[in-house]
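Here is the structure we will look at.
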Amino acid sequence: MLPVSIQVRQALGKLVLPALLLLSVGVMIAGQVEKRATEKARMAVAGALAPLWSMISQARAGVADVSNGIRQARHLSEENSRLEAENATLRRWYDVAVSLARENDALKTELHWVPEPSPSFVTGRVVADSGGIYARAVLLVAGMQSGIQTGNVALAANGLAGRVTEVGPHAARVLLITDISSRLPVMLESSHAPAIMAGDNSDTPRLLYYPQDTRPLEGERVVTGDQAGAFPAGIPVGTVHYTHPGTPVVQPFARLNQLTMLRVFDFRQAEIEPPEAPGHVPLSHPAHRPLALPFKTLLSPGQEG
Numbered sequence: 001m002l003p004v005s006i007q008v009r010q011a012l013g014k015l016v017l018p019a020l021l022l023l024s025v026g027v028m029i030a031g032q033v034e035k036r037a038t039e040k041a042r043m044a045v046a047g048a049l050a051p052l053w054s055m056i057s058q059a060r061a062g063v064a065d066v067s068n069g070i071r072q073a074r075h076l077s078e079e080n081s082r083l084e085a086e087n088a089t090l091r092r093w094y095d096v097a098v099s100l101a102r103e104n105d106a107l108k109t110e111l112h113w114v115p116e117p118s119p120s121f122v123t124g125r126v127v128a129d130s131g132g133i134y135a136r137a138v139l140l141v142a143g144m145q146s147g148i149q150t151g152n153v154a155l156a157a158n159g160l161a162g163r164v165t166e167v168g169p170h171a172a173r174v175l176l177i178t179d180i181s182s183r184l185p186v187m188l189e190s191s192h193a194p195a196i197m198a199g200d201n202s203d204t205p206r207l208l209y210y211p212q213d214t215r216p217l218e219g220e221r222v223v224t225g226d227q228a229g230a231f232p233a234g235i236p237v238g239t240v241h242y243t244h245p246g247t248p249v250v251q252p253f254a255r256l257n258q259l260t261m262l263r264v265f266d267f268r269q270a271e272i273e274p275p276e277a278p279g280h281v282p283l284s285h286p287a288h289r290p291l292a293l294p295f296k297t298l299l300s301p302g303q304e305g
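For the sequence shown, position 38 (counting from the first letter as 1) is numbered 38 according to full-length UniProt numbering, and the numbering increases by one without interruption.
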């Protein structure tokens, strides 16, 4: 190798870039002048380099597959550990549930427990409500011919959805608990405090008129109350959440924006009718009201003076 001085090397280094630029311009001009020859040369180079690019692509795909396999194996190991812990927890709760169920059955047998009548229900498909006076309501493809009546309770898979307000022969309108016209007596499950859940056309109804000495707790379950007799007690509604300090709302369990099916229960058929008292005269109709008798006729013969 011939010795080259530093000055020559510096001069050659400065000439490399202009030479490459001139070579590029020459190749571009030659490609425009001799397009067929340039195209043949390009295809020949591409054909010669194709096996090399294929080997590089296969190697890169193999490295990616190995990396994904390692990542998935680590994820599966973590998921397996989590599922094992969850399975152990569920097994303990299953044993507790079985023990409590057996104890409950034994106590019912000892007490000669008489079960309450079960309500009847109808399941129907939900369609969008394009009309009506309510902002948050849905139409159910089931009506009077299916046994649905006004006032029936509509339940989704996870909790309370609303109440039937209008019924036709083949369809029924269900007013959702988030509508501004909805007012529902509820019970705070932890503190057993009554309250009113009021819809405001948002996804989270408000909690009103709860006792001032019993503040709703964050995450506390909310169930229906039987104060007004409109709903049976104990139907799950949602959980308490504070969007702002001092403003509790309810996050419903039911996904009211994604309703596809609803079950409509007739809890009035499950009500227990009290027996008629002896000599009881109903006062619902004026003709059934007792006649006003003179005071002397209400006294026994020995009390007349």
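Using N, Cα and C, we set each Cβ at its ideal position, and we do this for glycine too.
Fill in: Those runs of the alpha helix (DSSP H) which lie wholly inside the region 117–148 and span at least 4 residues
Qualifying alpha helix (DSSP H) stretches: none in this window.
Worksheet item: Excluding five sequence neighbours on each side, which residues of the same chain lie with their C-beta closer than 7 angstroms to the C-beta of P216?
Response: Mapped onto the sequence shown, residue 216 falls at position 216. For P216, where only same-chain residues beyond five positions count, the Cβ hits under 7 angstroms are L188, L207, Y210, V240 and P248.
Worksheet item: Does the separation of the CB atoms of G124 and A172 fall below 9 angstroms?
Response: Start at 1 with the first residue of the sequence shown, and residue 124 comes out as number 124. Start at 1 with the first residue of the sequence shown, and residue 172 comes out as number 172. In terms of Cβ geometry, G124 and A172 form a close pair [threshold 9 angstroms].
Item to complete: Could you spell out where the beta strand (DSSP E) holding A172 opens and where it closes?
Response: As a working note, residue 172 is residue 172 in the sequence shown. Bounds of the beta strand (DSSP E) holding A172 are A172 to L176.
Worksheet entry | Three-state class that DSSP yields for V153 in the structure shown | To locate residue 153, count along the sequence shown from 1; it is residue 153. Correct three-state label for V153: strand.
Discussion item. Please classify P205 as buried or exposed, where buried requires at least 16 other C-beta atoms within 10 Å of its C-beta.
Written reply: Translated into the one-based positions of the sequence shown, residue 205 becomes position 205. Answer is buried; the Cβ neighbour count reaches 16.
Worksheet item: Is DSSP giving P18 helix, strand or coil here?
Response: Here the question's residue 18 lines up with position 18 in the sequence shown. Reduced to three states, the DSSP call for P18 is helix.
Worksheet item: Is DSSP giving F267 helix, strand or coil here?
Response: If you number the sequence shown from 1, residue 267 lands on position 267. Reduced to three states, the DSSP call for F267 is helix.
Practice prompt. Kindly indicate the opening and closing residues of the alpha helix (DSSP H) around R206.
Written response: Position 206 of the sequence shown holds residue 206. Going by DSSP, R206 is part of no alpha helix (DSSP H) but of the beta strand (DSSP E) stretching over R206 to L208.
Discussion item. Using the three-state DSSP reduction, which class does Q7 fall into: helix, strand or coil?
Written reply: Position 7 of the sequence shown, counted from the first residue, corresponds to residue 7. Helix at Q7.
Discussion item. Using DSSP's beta-bridge definition, name the partner residues of Y242.
Written reply: For the purposes of this step, residue 242 is identified with residue 242 of the sequence shown, where counting begins at 1. BP columns for Y242 point to P248.
Discussion item. Considering just the uninterrupted stretch of the alpha helix (DSSP H) at G47, what are its terminal residues?
Written reply: Counting from one through the sequence shown, the residue named residue 47 turns up at place 47. Going by DSSP, G47 is part of the alpha helix (DSSP H) stretching over K35 to L111.
Worksheet item: What's the C-alpha gap between P185 and S67?
Response: Position 185 of the sequence shown, counting from 1, holds the residue named residue 185. Position 67 of the sequence shown, counting from 1, holds the residue named residue 67. In a straight line, the C-alpha of P185 is about 57 angstroms away from that of S67.
Item to complete: Inspect the CB distances between the region 255–271 and the region 154–170 and report whether three or more fall short of 8 angstroms.
Response: Three or more Cβ pairs closer than 8 angstroms define a contact, and the region 255–271 meets that threshold against the region 154–170.
Practice prompt. Please state whether DSSP places G168 in a helix, a strand or coil.
Written response: Residue 168 sits at position 168 when you count from the first residue of the sequence shown. The three-state reading of DSSP puts G168 in coil, since its state is none of H, G, I, E or B.
Worksheet item: Using the C-alpha atoms, what's the distance from L17 back to Q10?
Response: Translated into the one-based positions of the sequence shown, residue 10 becomes position 10. Translated into the one-based positions of the sequence shown, residue 17 becomes position 17. Cα to Cα, the separation comes out at about 12 angstroms.
Worksheet item: Between which two residues does the beta strand (DSSP E) carrying L259 extend?
Response: Taking the first residue of the sequence shown as position 1, residue 259 is located at position 259. Secondary structure note for L259: it is in no beta strand (DSSP E), with a DSSP letter that is neither H nor E.
Fill in: I235 in three-state terms, based on DSSP
Against the sequence shown, residue 235 aligns to sequence position 235. When secondary structure is reduced to three states using DSSP, I235 falls in the coil class, being assigned neither helix nor strand.
Fill in: For G162, the residue or residues it bridges with in DSSP
The residue given as residue 162 occupies position 162 in the sequence shown. DSSP, once it has assigned bridges, lists A154 and L176 as partnering G162.
Fill in: Simplified DSSP assignment, three categories, for V186
Along the sequence shown, one-based indexing puts residue 186 at 186. V186 carries a strand assignment under DSSP once its states are collapsed to helix, strand and coil.
Practice prompt. Apply the 10 Å Cβ neighbour rule to A48 and answer buried if 16 or more other Cβ atoms are within range, or exposed otherwise.
Written response: As a first step, residue 48 must be located in the sequence shown, where it is residue number 48. Around the beta carbon of A48, fewer than 16 other beta carbons sit within 10 angstroms, so the residue counts as exposed.
Fill in: Assigned secondary structure, V222 (DSSP; H/G/I helix, E/B strand, else coil)
The residue labelled residue 222 in the question sits at position 222 within the sequence shown. It is a strand residue.
Worksheet entry | Candidates P169, T224 and H170, of which the one nearest residue 325 by Cα | An answer regarding residue 325 cannot be provided, because it is not within the stretch 1 to 305 covered by the chain.
Discussion item. Within 10 Å of its beta-carbon, does G62 have 16 or more other beta-carbons around it, so buried, or fewer, so exposed?
Written reply: Reading the sequence shown from its first residue, position 62 is the one you call residue 62. By the neighbour-count rule (16 or more Cβ atoms within 10 Å), G62 is not buried but exposed.
Worksheet entry | Beta bridge counterpart(s) of W197 as assigned by DSSP | Position 197 of the sequence shown, counted from the first residue, corresponds to residue 197. Here the sequence assigns Met to residue 197, which means Trp is not the residue at that position. Its beta-bridge partners are L184 and L207.
Worksheet entry | Minimum C-alpha distance to A137 - residue among T165, F121 and Q58 | Within the sequence shown, residue 137 is the residue found at index 137, counting from 1. Ranked by Cα distance from A137, the first of T165, F121 and Q58 is T165.
Worksheet item: When the Cα atoms are used, what is the spatial distance from A37 to R74?
Response: Position 37 of the sequence shown holds residue 37. Position 74 of the sequence shown holds residue 74. In this model, A37 and R74 are separated by some 54 angstroms (Cα to Cα).
Practice prompt. Quick one: using the 10 Å Cβ neighbour count with 16 as the cut-off for buried, is M197 buried or exposed?
Written response: Stepping through the sequence shown from its first residue, residue 197 is reached at position 197. Counting other Cβ atoms within 10 Å of its Cβ, M197 reaches 16 or more and is therefore classed as buried.
Worksheet item: Is it right to say V45 is buried, meaning 16 or more other beta carbons lie within 10 angstroms of its own, or is it exposed?
Response: For the purposes of this step, residue 45 is taken as the residue at position 45 of the sequence shown. A residue is called buried when at least 16 other Cβ atoms come within 10 angstroms of its Cβ; V45 does not meet this threshold and is exposed.
Discussion item. I need the straight-line Cα distance from L111 to V127, nearest angstrom please.
Written reply: Position 111 of the sequence shown, counted from the start, is the residue given in the question as residue 111. Position 127 of the sequence shown, counted from the start, is the residue given in the question as residue 127. Cα-Cα distance, rounded: 47 angstroms.
Discussion item. DSSP three-state label for S24, please.
Written reply: On the sequence shown, position 24 is the one that residue 24 refers to. In this structure, S24 counts as helix in the three-state DSSP scheme.
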